[in-house]
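Asker:
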Amino acid sequence: MPELISTIVAKYNYWIYITLMMIGLYAMIAKNNLVKKIVGMSIFQTAIILFYVSIGAKRGATIPILEHGHGSSHITHAVDYINPLPHVLMLTAIVVAVATLGVALALAVKVYNQYNTLEEDEILTQMREK
Amino acid sequence: MKIIGLIIAVLTGALLIYGTVDFPEWADPASPASTHLSPHFIEKTMEETSVPNIVTAVLADYRGYDTMFETTVIFAAGVVCFFLLRILKKEGPRQRLYRHALTGMTIRIRDGEKRPSVLDEFERIDTMWTPYDVIIKTVCRLLIPFIQLFALYVIAHGHHSPGGGFQGGVILGASIILLAISQDLRTAIKRMSEKVDAILSPAGVFIYAGTGALCLLLGGNFLDYSALASILHVDPVTARSHGILIVEIGVGVAVMATLIWIYNNVSSAGKYDEGL
Amino acid sequence: MIWQLDLAILTLVVIAGIGAITVKDLLGAAILFGAYSFMMCLLWSIMGAVDVSFTEASVGAGASTVFFVAAVFRTTRRTKD
């Protein structure tokens, strides 16, 4: 029993991230509305970014901005600072995510102008009738 | 479809949770991700680039290629939105609404009809016009200069505090979007026209890539800013810090112009006439 | 890193995520997605990723919510699911 509790304490964060990813995946597969699908895609994206950032977390460390700035001979130890590498990768990913979100929404607006609906099944029916 | 989706999501989730068995403990200082490359960045950043914010240094210097092509992706997204949505020719009979500011009288003019000469006293309004709230209008007008000043601070101070080109660019773009929401789209386009967006967006990418090419011409590697030392008249370590600042300005310009461009296209559905 | 705060915000994130995909109004979904993004930003600042959380606060909670509202305004608020 203590082993189980220590496993849960060590891993529950990962499990919640996976739950969030699956919420996004479910919305992308099962939802009928195009904007809902885009919301699901964004949730999935953010959950992946959250997982990635959490890899860099370190117990007992501080934010990755060096404390002793210019003109000091203080030696920096890597254990005192959070791993900055995942932050860098994900920072650019967030901004690219908003740009691709703009493209997805532009496509949705274009589809609405053409078919006058955002529901996937109605669009498919209209396409078959043509 | 709902049941299939639920089954797929649950199965994938169960597989992924099974995969976490092999993971290191959450926030473990001895995990593989924290022991290989990042100690070098943490310990050597200060003496190699003299930038206290490690994230900024890694973003623009050590991983400069990555950020350069991310900026290119953002520019490409702006161009894609433009080509998807923009409608250049005016089509069909359309009408415009004009409102007299003092009396509140509204007149409607169809396209192609002769404009009455008294129209100078009228202002153009949207078709789904609602009365402006004077509080929102005034507060936004007062707030926007301070938002832009803060954005410039974020770009320039990214070396020492959280921030940098991406965040500052987004805040600069958001200030113009706030103008478009609180007044109307035409006011914002008057301040920052489509042509300016279309020029600034590639100009940011050009500043970034041009800095890299300049380093190449001065005898260093591509994006190796220490080669800039000879024209900036500083030592190579400070030159890397200045190079990071130049690159961040490029990123900020590109992100700002692209966000405004995407917003204008999506909110007016390509007509650039009536916004949100 | 305070685990009580972490757990509370993780719960709110999951609730906001489920809410954003179940609510039967697209404008409501857009606003709930903004709330989700802001909770995510809090989560990152708890983890110590200050740069990422700054970006998410300006991009996710600001710009992408505005994009969603603009797109919903240009199309329709109605949805079947």
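Residue numbers (my numbering), protein chains in the order written: chain A, 1 to 130; chain B, 1001 to 1276; chain C, 2001 to 2081. Glycine included, every Cβ here is placed at the ideal spot set by N, Cα and C. Small disclaimer: the values here were computed from a predicted structure and weren't measured.
#1: Over the uninterrupted beta strand (DSSP E) stretch that includes I1107 (chain B), give me the two end residues.
#2: Would a check of beta-carbon distances place S2058 (chain C) closer than 9 Å to chain B?
#3: Exposed or buried, V1139 (chain B), counting other C-beta atoms within 10 Å across all chains shown (16 or more means buried)?
#4: Using a Cβ-Cβ cut-off of 9 Å, state whether P86 (chain A) counts as contacting chain C.
#5: Name the chain A residues that come within less than 9 Å of T2065 (chain C), Cβ to Cβ?
#6: Enumerate in chain order the residues of its own chain whose CB-to-CB distance from A1060 (chain B) is below 7 Å, with the five nearest sequence positions on each side excluded.
#7: Could you tell me whether the Cβ atoms of T46 (chain A) and E1043 (chain B) are closer together than 9 Å?
#8: Is there at least one Cβ from chain B nearer than 9 Å to M2 (chain A)'s Cβ?
#9: Smallest Cα separation from Y1132 (chain B): which of B:V1234, B:G1104, B:L1214 and B:I1087?
#10: With distances taken Cα to Cα, identify the nearest neighbour of S1161 (chain B) among B:V1051, B:A1030, B:H1100 and B:T1020.
#11: Answer yes or no: do A2063 (chain C) and V98 (chain A) have a C-beta to C-beta separation smaller than 9 Å?
#12: Quick check on I1246 (chain B): does DSSP put it in helix, strand or coil?
#13: Within 9 Å (strictly less), CB to CB, does V79 (chain A) reach chain C?
#14: Can you pull the chain B neighbours of L66 (chain A), defined as C-beta to C-beta under 9 Å?
#15: Looking at the structure shown, is E1274 (chain B) part of a helix, part of a strand, or coil, going by DSSP?
#16: Could you give the first and the last residue of the continuous beta strand (DSSP E) run that contains L1097 (chain B)?
#17: Taking the CB atoms as reference points, tell me whether A2016 (chain C) and M90 (chain A) lie closer together than 9 Å.
#18: Say whether chain C places a C-beta atom closer than 9 Å to the C-beta of F1222 (chain B).
#19: List the residues of chain C that G1163 (chain B) touches, going by C-beta distances under 8 Å, in chain order.
#20: For V4 (chain A), is the classification buried or exposed, using 16 other Cβ atoms within 10 angstroms of its Cβ as the cut-off for buried?
#21: Under DSSP, the alpha helix (DSSP H) around E1070 (chain B) begins and ends at which residues?
#22: Does T1138 (chain B) come out as helix, strand or coil in the three-state DSSP assignment?
#23: For T2065 (chain C), which of helix, strand or coil comes out of DSSP?
#24: Taking a Cβ distance cut-off of 9 Å, strictly less, list which residues of the segment 43 to 66 of chain A are near chain B, in chain order.
#25: Quick check on F2068 (chain C) - is its C-beta less than 9 Å from some C-beta in chain A?
#26: Please list, in chain order, the chain B residues whose beta carbon lies closer than 7 Å to that of F1998 (chain C).
#27: Where V88 (chain A) and T100 (chain A) are concerned, what is the direct C-alpha to C-alpha distance, given to the nearest angstrom?
#28: Which residue or residues does DSSP assign as beta-bridge partners of I1155 (chain B)?
#29: Would L1006 (chain B) and Y26 (chain A) be called neighbours here (beta carbons separated by less than 9 Å)?
#30: Using beta-carbon positions only, say whether S1241 (chain B) and L1185 (chain B) come within less than 9 Å of one another.
#31: Hey, could you find the ends of the beta strand (DSSP E) R2078 (chain C) is sitting in?
#32: Where do the N-terminal and C-terminal ends of the beta strand (DSSP E) with R1124 (chain B) fall, by residue?
#33: Quick one: is P84 (chain A) buried, meaning 16 or more other Cβ sit within 10 Å of its Cβ, or exposed?
#34: Check this for me: beta carbons of M2039 (chain C) and L2005 (chain C), under 9 Å apart or not?
#35: What is the C-beta distance between F1041 (chain B) and Y1062 (chain B), in whole angstroms, given that I count them as a contact (C-beta under 8 Å)?
#36: Return the bridge partner residues of Y81 (chain A) from the DSSP annotation.
Answerer: The short version:
#1: I1107 (chain B): member of the beta strand (DSSP E) spanning T1106 to R1110, first to last residue.
#2: It does: the Cβ of S2058 (chain C) has a partner Cβ on chain B nearer than 9 Å.
#3: By the neighbour-count rule (16 or more Cβ atoms within 10 Å), V1139 (chain B) is not buried but exposed.
#4: So, interface residue.
#5: For T2065 (chain C), none of the residues of chain A pass the 9 Å Cβ criterion, the least Cβ distance being about 10 Å.
#6: T1067, I1244, V1247 and E1248, listed in sequence order.
#7: No; because the gap between Cβ atoms is not below 9 Å, this pair is not in contact.
#8: Correcting the residue type first, residue 2 (chain A) is Pro in the shown sequence and not Met. Judged by the 9 Å Cβ criterion, P2 (chain A) is not in contact with chain B.
#9: Of B:V1234, B:G1104, B:L1214 and B:I1087, the residue nearest in Cα terms is B:G1104.
#10: For the residues B:V1051, B:A1030, B:H1100 and B:T1020, the minimum Cα distance to S1161 (chain B) belongs to B:V1051.
#11: Yes; because the gap between Cβ atoms is below 9 Å, this pair is in contact.
#12: Three-state DSSP puts I1246 (chain B) in a helix.
#13: Nearest CB-CB separation between V79 (chain A) and chain C: not below the 9 Å threshold.
#14: Ordered by position in chain B, the residues that pass the 9 Å Cβ test against L66 (chain A) are I1042, T1045, M1046, V1051, P1052, N1053 and I1054.
#15: E1274 (chain B) falls in the coil class under three-state DSSP.
#16: Counting along the chain, L1097 (chain B) sits inside the beta strand (DSSP E) bounded by residues Q1095 to H1100.
#17: When the beta-carbon positions are compared, A2016 (chain C) and M90 (chain A) stay at least 9 Å from each other.
#18: Not an interface residue.
#19: Simply D2051 and F2054.
#20: For the sequence presented, residue 4 (chain A) should be read as Leu rather than Val. Looking at its Cβ environment, which holds fewer than 16 other Cβ atoms inside 10 Å, L4 (chain A) is exposed.
#21: Taken as a continuous stretch (DSSP letters only), the alpha helix (DSSP H) holding E1070 (chain B) covers G1064 to L1085.
#22: If DSSP states are grouped into helix, strand and coil, T1138 (chain B) belongs with the helices.
#23: Look at T2065 (chain C) here: in three-state DSSP terms it is helix.
#24: Answer in chain order: S54, I55, G56, A57, K58, R59, G60, A61, I63, P64, I65 and L66.
#25: Taking Cβ atoms only, chain A reaches closer than 9 Å to F2068 (chain C), which makes this a yes.
#26: Within the shown structure, residues of chain C are numbered from 2001 to 2081, placing residue 1998 (chain C) beyond reach of any answer.
#27: Each residue's alpha carbon lies about 19 Å from the other.
#28: Bridge partners of I1155 (chain B): none, in fact.
#29: In this structure, L1006 (chain B) places its C-beta atom within 9 Å of the C-beta atom of Y26 (chain A).
#30: 9 Å or more divides the Cβ of S1241 (chain B) from the Cβ of L1185 (chain B).
#31: No beta strand (DSSP E) holds R2078 (chain C); DSSP gives it neither H nor E.
#32: For R1124 (chain B), the enclosing beta strand (DSSP E) begins and ends at F1122 to I1125.
#33: Its Cβ being crowded by 16 or more others within 10 Å, P84 (chain A) is buried.
#34: Taking a C-beta distance under 9 Å as the contact criterion, M2039 (chain C) and L2005 (chain C) do not qualify as a contact pair.
#35: That belief holds up - the Cβ atoms of F1041 (chain B) and Y1062 (chain B) are roughly 7 Å apart, short of 8 Å.
#36: According to DSSP, Y81 (chain A) bridges with A:T62.
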